[in-house]
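Since the structure comes first, as structure tokens, the remarks are kept for the end.
In structure tokens, the structure reads:
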């Protein structure tokens, strides 16, 4: 395996919020993750790079509880955790935004924020007998959007009528609202125009500034260089290198991705 690029990450002295050690995942005879290790700190954006089939999506799905690791350890704040479902991932503070965004087009942002976790009372009644609190959900959603400086159409507009960038912003803001520690973003600027990508990149920086640990999968190196503090490159299920994403390091990163250094 190629020796990783040597760089000093920003905030390297702080302890990781989330760390993965020797992660292994097999699908039949295919080894999707081959002893993968990485860590992300609070207030850090870590980019996960690699060609299709490198193992990036498998890794984030293991962190998000979609898949279970066959071997390896996931730690939150240095404490081993077992993430065996998306609900468990959310419980430990991890929220994931996939490329399909998982939004309900026929609902407004507040309804999308609280889908499956609606605010209702009284709490002592069975959930199906409780009364929803729509004003409180609208107010809380508006507060999150304002805090992240997300501009959307008037309240009540269905997300299906919004632009791609606005829909992406709703999905990222929802993750930020409920992720106490880690936000994972899968290709957050894919299929977006320059202006909409700019808004999403600004949103990622604000998540970092709020102290979230942010893990981003992206094929857009220009965007990675702009917002990421570190970049880890995967190839064929392994971590093959790490670098600070800068213009100067771009040729090295590309070489790691395509295997030109092998």
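Residue numbers (this note's numbering): 202 to 463. Heads up, the beta-carbon is just placed ideally off N, CA and C, and yes, glycines get one too.
Relative to the C-alpha of residue i, which residue among the options is closest?
| i | options | result |
| --- | --- | --- |
| residue 436 | 399, 447, 259 | 259 |
| residue 233 | 438, 443, 373, 294 | 438 |
| residue 503 | 445, 451, 441 | Here the chain has residues from 202 to 463 only, and residue 503 is not among them. |
| residue 431 | 291, 244, 322, 387 | 244 |
| residue 307 | 321, 291, 346, 368 | 368 |
| residue 357 | 406, 383, 419, 339 | 339 |
| residue 277 | 385, 250, 240, 336 | 240 |
| residue 388 | 242, 418, 370 | 418 |
| residue 321 | 310, 309, 336 | 336 |
| residue 310 | 250, 341, 383 | 341 |
| residue 346 | 408, 398, 391 | 408 |
| residue 392 | 416, 406, 412, 420 | 420 |
| residue 312 | 215, 290, 235, 343 | 343 |
| residue 379 | 318, 451, 410 | 318 |
| residue 279 | 455, 390, 242, 454 | 242 |
Which word fits residue i, buried or exposed, when buried means at least 16 other C-beta atoms lie within 10 angstroms of its C-beta?
| i | result |
| --- | --- |
| residue 381 | exposed |
| residue 353 | buried |
| residue 288 | exposed |
| residue 449 | exposed |
| residue 333 | exposed |
| residue 230 | exposed |
| residue 314 | buried |
| residue 292 | exposed |
| residue 395 | exposed |
| residue 412 | exposed |
| residue 238 | exposed |
| residue 266 | buried |
| residue 216 | exposed |
| residue 459 | exposed |
| residue 398 | buried |
| residue 324 | exposed |
| residue 406 | exposed |
If you measure between the beta carbons of residue i and residue j, is that distance less than 8 Å?
| i | j | result |
| --- | --- | --- |
| residue 447 | residue 376 | no |
| residue 404 | residue 427 | no |
| residue 304 | residue 372 | yes |
| residue 383 | residue 250 | no |
Measure how close the beta-carbons of residue i and residue j come, nearest whole angstrom, since I'm counting them as under 8 Å.
| i | j | result |
| --- | --- | --- |
| residue 316 | residue 349 | With 8 Å as the limit, residue 316 and residue 349 do not qualify as a contact, their Cβ atoms being about 19 Å apart. |
| residue 400 | residue 366 | 5 Å |
| residue 429 | residue 247 | 7 Å |
| residue 219 | residue 355 | Rounded, the Cβ-Cβ distance is 37 Å, inconsistent with contact. |
| residue 385 | residue 275 | Residue 385 to residue 275, Cβ: 13 Å. No contact. |
| residue 416 | residue 261 | 7 Å |
Between the region 266–275 and the region 217–227, do at least 3 Cβ pairs fall closer than 8 Å?
-> yes
Per the contact definition of three or more C-beta pairs closer than 8 Å, is the region 319–336 in contact with the region 355–362?
-> no
Assess, as a yes-or-no matter, whether the region 278–285 is touched by the region 298–307 under the definition of 3 or more beta carbon pairs within less than 8 Å.
-> no
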